[in-house]
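Please read the structure below before turning to the comments.
In the working numbering, the protein residues as written are 1208 to 1406.
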């Protein structure tokens, strides 16, 4: 059976190169999946929100680093037990396929976000994505939340400079779409305008 495990902000959940012995679903918080180049440069390739899978289900060895962006919690299963449950329960196997498809769609969305939109649209879309992820209920998005990424991480994820990210956040705030609260807090003031900006 699965058990719950807590991770502190910045804690490594999965290290690239480790044997993939566990399967986990994020139940609270946020995490990033990334690669690290030989020169030590990190490249974020995916964000994980509650209900998302941590790690790679079908790879024998982890190829991505998974790090908690906030204090987080996950439901963790030994991989062998998880595979046995999937074999015995067709509904679970279908759920896994659905999850893999959802993650593929999110990856495509991230590629679209980086390659096709202007800087202001990229930042607006990322804020909306975190608003959806921060909501405790599926029927509405959170109006206020903390951005779990640093300015540098946002810049790296969106293919922008830190200075551009700061300018875009200031522009969105000046336009009355958002308000910044402290170093990480965001309040959405005009969701319609923010959605129009995101495209």
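Glycine included, C-beta positions come from ideal geometry on N, C-alpha and C.
On a predicted model such as this, the values are computed, not experimentally measured, just so you know.
- Annotation for residue 1249: the continuous beta strand (DSSP E) segment containing it runs 1249 to 1255.
- Residue environment analysis places residue 1329 among the buried positions, since at least 16 neighbouring C-beta atoms fall within 10 angstroms of its C-beta.
- In the structure shown, residue 1279 adopts extended strand secondary structure according to DSSP, grouped into three states.
- Contact annotation: the stretch 1362 to 1374 does not touch the stretch 1276 to 1290, with fewer than three C-beta pairs closer than 8 Å.
- Listed in chain order, the beta strand (DSSP E) elements of length 3 or more contained wholly in the stretch 1322 to 1364 are 1351 to 1353.
- By the Cβ-count criterion, residue 1243 is exposed, with fewer than 16 other Cβ atoms from all chains shown falling within 10 Å of its own Cβ.
- The three-state reading of DSSP puts residue 1390 in coil, since its state is none of H, G, I, E or B.
- DSSP places residue 1374 in the helix class (H, G or I) of the three-state scheme.
- With 16 or more other CB atoms across the displayed protein chains lying within 10 angstroms of its CB, residue 1363 is buried.
- By the neighbour-count criterion, in which 16 or more other beta carbons inside 10 Å mark a residue as buried, residue 1248 falls on the exposed side.
- For residue 1232, the pairing in a beta bridge is given by DSSP as 1260 and 1282.
- When DSSP states are grouped into helix, strand and coil, residue 1216 belongs to the coil group.
- For residue 1268, DSSP records a beta bridge to 1226.
- Spanning the alpha carbons of residue 1378 and residue 1365 requires a straight line of approximately 17 Å.
- Sequence-distant partners of residue 1326 (beyond 5 residues in either direction) whose C-beta falls short of 7 Å from its own C-beta, in its chain, are 1367, 1371 and 1375.
- Taking 8 Å as the cut-off, the beta carbon of residue 1387 is found closer than this to the beta carbon of residue 1380.
- DSSP places residue 1404 in the helix class (H, G or I) of the three-state scheme.
- The DSSP-derived three-state label of residue 1238 is strand.
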